[in-house]
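Only one structure is covered here, and it is reproduced in the block below.
Numbering (this note's numbering), first residue to last: 134 to 386.
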């Protein structure tokens with residue numbers, strides 16, 4: 134396979150400012166859909182999965198109104214050397230409690246820990262293989278993205294991060310790493326699709342067609358990152374606003 138270009142890697146980290154910010158008073162995660170009424174949709178096997186309706190339209194509307202009150206910062210027009218071009222407004226906070234709510238209060242935990250793929254529930258070994266290890270929960274690093282008309286995220290790869298995951302049974306954190314990106318879409322808009330570019334298995338094969346994730350209100354999208362990440366982009370928003378909550382699946386190192 135061709136090597137991944139260095140200039141398009143994106144590594145998400147928290148800063149001291151992120152850790153010292155006052156935590157938002159996040160709205161209640163209600164109403165919600167139960168796990169029994171949800172399922173994974175496969176856009177690309179073992180690479181890109183979605184969960185339509187993980188959040189209800191009413192909950193998404195509540196959160197968009199709340200998130201608009203936060204202090205979002207517009208990304209620099211000229212990125213640092215080695216970074217992909219990204220033009221959006223963003224907010225970032227290290228919030229273990231909200232990460233746990235997003236994981237446990239919604240159907241996400243049950244769906245990830247007991248995944249059903251193509252109508253068959255995976256066993257424990259298959260589940261670990263899918264997610265890259267024993268899943269602990271979501272990354273505390275919560276990111277909020279707003280893309281207005283004309284804004285976009287150029288082609289890039291998401292990198293894996295080594296983190297310390299808070300333990301409920303011990304004062305010492307668990308050594309963990311991130312393996313899958315989680316994107317939760319709160320709005321639909323014109324344009325703004327997330328597009329993945331699979332690589333051919335060999336130089337002799339044709340380049341596969343792009344895989345396009347259309348925006349749906351309340352849909353969660355999970356895709357592999359790190360060394361197995363596909364080149365992908367957030368297309369330019371042509372009308373309306375695209376609101377996204379971003380975190381990552383964390384597994385034990």
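Cβ coordinates follow ideal geometry from the N, Cα and C atoms, glycine included.
Query	Result
Span separating the alpha-carbon of residue 344 from that of residue 358	16 Å
Contact under 8 Å by Cβ, residue 381 with residue 272	yes
Which residues DSSP lists as bridging residue 379, in chain order	276, 316
Counted within 10 angstroms of its Cβ, other Cβ atoms place residue 385 as buried (16 or more) or exposed	exposed
Residues of its chain near residue 333, where Cβ-Cβ distance is below 7 Å and the 5 sequence neighbours each way are ignored	339, 340, 341
Exposed unless 16 or more other CB atoms sit within 10 angstroms - verdict on residue 297	exposed
Buried or exposed by the 16-neighbour rule on C-beta atoms within 10 Å, applied to residue 336	exposed
C-alpha distance - residue 187 paired with residue 243, whole-angstrom precision	12 Å
Inter-stretch contact (C-beta, 8 Å, three-pair minimum) for the region 244-256 and the region 165-179	yes
Identity of the residue in 224, 262, 286 nearest residue 324 by Cα	286
Sheet register partners of residue 311 (DSSP bridge)	383
Between the CA atoms of residue 217 and residue 140 - distance to the nearest angstrom	Low confidence applies to residue 140: its pLDDT is 43, below 50, so where it sits in the model is not reliable enough to give any reading.
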